[in-house]
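Here's the structure we're looking at; comments come further down.
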Amino acid sequence: MSDMNSELHGLSSEEVAARVADGRVNHDTDVKTKSIWQIFATHAFTLFNAVNIGMAALIFFTGEYRNMLFLTIVGANLVIGVFQEIRAKRMVDKLTLITQKQVTVIRDGSESAIAPSELVLDDLMRLSHGDQVPADSEVVEGNVYCDESLLTGESIPVAKVPGSELFSGSFIESGSLVARVTKVGRDGYAAKINAEAKYVKDVKSEILATLKAIIRLGTGLLIPLGIGLFLRTVFMESASIESAILSTTSAVLGMIPQGLVLLTSTVLAVATSRLGSRGVLVQQAYCVETLARVDTLCLDKTGTITSGEMEVAHVQSADGIDEGRAVSAFTAIARANCSDVNETARALLAFGEGFGVQDVPPAARAVAFSSSRKYSGCVLGDGRGLVMGAAQFVLGEERAAEADALCEGLDDIERRLVVCECDGFTDQDGIVGEPTILACVGIRDKIRDTAPQTMEYFLEQGVELRVISGDDPRTVSAIARLAGVPEADLYVDASKLDTPEKLDAAVDVARVFGRVTPQQKRELVDALHRRGRTVAMTGDGVNDVLALREADCSISMSSGSAAARNVSEIVLADNDFAHMPEVVAEGRRSINNLQRSASLFLVKTVFAAVLALICIVLPPYPFIPIQMSLISTTVIGVPSFVLALEPNKERVRGNFLVNVLSRSLPASGAIIVFLLLELVLGRLLGHEFDEISTVCMIITVVVGLALIYRISQPLTTLRKLLLASMSALAVLACTAGGSFFHVVALPFDVAVATVVFCVLAVLLFERFSTAFERNADTNRFLVAAVERIEGGVPAPRFAKPRK
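If you want the numbering used here, it's the 1-based position in the sequence shown plus 800.
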């Protein structure tokens, strides 16, 4: 170019400064994690927090500060959520820094190392084996093989010569070169794909959706109910403003399940911490629930089924040639060229070491691999030459058939190299004499040792497996078959799926997809969504980013591209896909236990809302906030946390809200019936408010304890201890702590009536529970309730409109 005095002189300092001033710099090439402010805002500015802070402000006005105790739950929930996400963000950012290497540039005729983000247009870069190409560029000098699997999914190295184009995100597998930067920043190949993923991915969680729906419904109800209850208390009961505020806020707070929100955050935080200790980084806590519900797992071949390494699968010696001699020959070649070692050379050296090759003769001369020659070699001390490479280049087209016959028994997925002995090499590294074939070597992608067991686990759990790769479909099919993917022979070449209709039809037939473009990967995930599937996607390259973004749960390897890590909910820090069963098991423990514990919270939400409506017509509202705090602690808070952290490996079944309501509605119904009875009788018999309040609180606690007993079956030592301690705490609060909780001693006749009410309430609860749990999935009342809360008929999976 005219801007350069010499191709190897590079840009001058003035030319670099001019390009920086013009903005022709390699910035904004990756998907970024959320900022700390974005994380805080996501957790802080919610309807849940707004409602609770509003209630706290009203209570503060009354001066009854002890009734603001519920704010500790709000604060704890905020701290847990923000801390967990910031921790994950910092770990992912650290992984990006660790994997990002500086790049050597030639400027003003000398070399220096700079960050990839400091490259400018027309910079000259010097890259060698193992380096990642930081910006789209053109080869100026050198011959290399380039690994573009992170971009295309194709694992076969691509030869690059002067004039060839290098894509950002690819790796130099062998050789070295000088390249001129042709595109920077968002104009680069990888950056264009990443740009489509630069948005905050929606959280896809049935639990989170349920919580938001309950809070929305509660908020919609609390405003008219709260106003009605407040006006009734002030104008018809002649109560003070402070007393009316306390009564109203008590009713309103009971309708918002603060503890359930905190419990969910805590359980998921514990799950992510446990997984973190096993090398699994969870960036979005709710994804453990999603993965527990996944029924379709889309696997990327490279980095998931295969380790990204190569291995020697077969060594077929020629007639009359000892296998040890053949292994010694290619080991000598690999050692001679150890300064330019690549995955193929590593596989050869590892095989030689495992074979037990001793006394490999040292090389007097090394012949490095060249993409133009397509072979490498060495000259031993005695003058003999050894050469290894593609048969047609080592032997010539006329003799290539000899190698083909020798390699006939090798698998289709193996890359074939011929190892020969020759008279030596010319000064230009040309082969001297007629090469003698020693062996044919088959090299293939190394399948992870744990892959078959991991596949078997998912199949046992009813999860359908799909393999999606940019590689040749026959190669992918063979590797999938070896890894244990069922029906791996049902493969398709996605390059022939040139219309949306063809691609959509292939989803119903094929299990393995090869030659898939990044856009097609996303379209395949969308096609599965249209079939009602809950999809998890694994991947580690830039070519996987679009599909990872669209999947319900995305999993990437820490060794992959920064873009893949940043857009994924789960990052496997040690690159071991065998951790996935642990993630699923942790999700099941969390979700099944949350379903059980959530029923305790919704008991209070339901009866508090109905009771508030009743008390507009039939005052007074029997509870004050501190009493609701006692109920929340003894029959909801502590039991739910204990039960939620127990082991649980059952499969997640059914709709979350249906499962919860089938347990909670019977208890809420029994409580409402007998609280209403007490309000009516108490008013008719002229009981004091403190007496009515005490009776109502006792009935609520007793039915709550009965619910704990029911959901704790079968009883273990821990669960028996939990029931005993919560019962004792309730008794202690109503006796020794009576003045603090506004509990009074009951007259004898009222005490007897309370005991009778409690017994009948428990019997009614048991009758309701049996009826609800017998046909929870088809119960019309439950379906109607879920419709009202969720705004539609509950779907079996995450059915929502897709873009």
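Ideal placement from N, C-alpha and C gives every residue a C-beta, glycine not left out.
These figures come from a predicted structure and were not determined experimentally.
Could you say which of 1462, 1535 and 1514 lies nearest to residue 1568 if we only look at CA atoms? 1462
State the start and end residues of the unbroken beta strand (DSSP E) segment that holds residue 927. 924–928
Would you call the segment 969–989 and the segment 928–943 in contact, with 3 or more CB pairs under 8 Å? yes
Residue 1192 versus residue 1136 - alpha carbon distance: 23 Å
Given a cut-off of 8 Å, decide if residue 1112 and residue 1132 are closer than it, judged by their beta-carbon atoms. no
Residue 1114 in three-state terms, based on DSSP: strand
May I ask you to report which of helix, strand or coil DSSP gives residue 941? strand
Would you be able to state if there are at least three C-beta pairs under 8 Å between the segment 879–888 and the segment 897–916? no
In this structure, what does DSSP give as the bridge partners for residue 1180? 1163
Residue 1236, enclosing alpha helix (DSSP H) - first and last residue: Unbroken run through residue 1236 is the beta strand (DSSP E), 1236–1247; no alpha helix (DSSP H).
Taking 8 Å as the limit between beta carbons, can you name the residues of its chain near residue 1374, skipping five residues before and five after? 1079 and 1358
Excluding sequence positions up to five away, which residues of its chain have a Cβ less than 6 Å from the Cβ of residue 1565? 1466, 1467, 1470, 1503 and 1506
Cβ shell of residue 1148 (< 6 Å), same chain only, five flanking positions each side left out: 1130 and 1134
Name the DSSP bridge partner or partners of residue 1175? 1170 and 1189
Could you say if the segment 1255–1272 and the segment 1281–1290 meet the contact criterion of at least three C-beta pairs nearer than 8 Å? yes
Residue 1502: CB within 7 Å of a non-hydrogen atom of the ligand PLP: The model on display carries no ligand, and the ligand PLP is accordingly not part of it.
Leaving out the 5 sequence neighbours to the left and right, which residues in its chain are closer than 6 Å to residue 989 when beta-carbon positions are compared? 936, 967 and 968
Going by DSSP, name the residue or residues bridged to residue 960. 944
Note the first and the last residue of the continuous beta strand (DSSP E) segment covering residue 1334. Looking at the DSSP string, residue 1334 is not in any beta strand (DSSP E), and its letter there is neither H nor E.
Neighbourhood of residue 1407 by C-beta, 6 Å cutoff - its chain only, sequence neighbours within 5 removed: 1468, 1471 and 1472
Residue 1435 versus residue 916 - alpha carbon distance: 58 Å
From this set, 1203, 1254, 1209 and 1246, which residue's C-alpha is nearest residue 1239's C-alpha? 1203
Let me make sure I understand the geometry here. Which of 1216, 1329, 1083 and 1256 has the alpha-carbon closest to that of residue 1243? 1216
With DSSP collapsed to three states, give me the class of residue 932. strand
Nearest residue (CA-CA) to residue 1371, options 1082, 1276, 1298 and 925: 1082
What number of angstroms, rounded off, separates the C-alpha of residue 912 from the C-alpha of residue 928? 15 Å
Given that a residue counts as buried once 16 or more other Cβ atoms are within 10 Å of its Cβ, and exposed if not, what is residue 1540? exposed
Of the choices 849, 1237 and 1012, whose alpha-carbon is the least far from that of residue 1116? 1237
Exposed or buried, what is residue 1648 when buried is set at 16 or more other beta-carbons lying within 10 Å of its beta-carbon? The requested residue 1648 does not occur in the structure, where the chain is confined to residues 801 to 1603.
Reduced DSSP category for residue 1204 - H, G, I as helix; E, B as strand; rest coil: helix
Where residue 1094 falls: helix, strand or coil (DSSP): coil
Tell me whether the beta-carbon of residue 1438 lies closer than 8 Å to the beta-carbon of residue 1497. no
Give the DSSP-derived three-state secondary structure of residue 1341 in the structure shown. coil
For the alpha helix (DSSP H) that residue 1506 lies in, which residues bound it at each end? 1489–1511
What number of angstroms, rounded off, separates the C-alpha of residue 802 from the C-alpha of residue 811? Summary for residue 802: the model assigns pLDDT 38, below 50, so the residue's position carries little reliability; its value from the coordinates is reported in the next sentence. Computed Cα separation, rounded: 11 Å.
Given a threshold of 16 other Cβ atoms within 10 Å of its Cβ, counted over all protein chains shown, does residue 1367 qualify as buried or as exposed? buried
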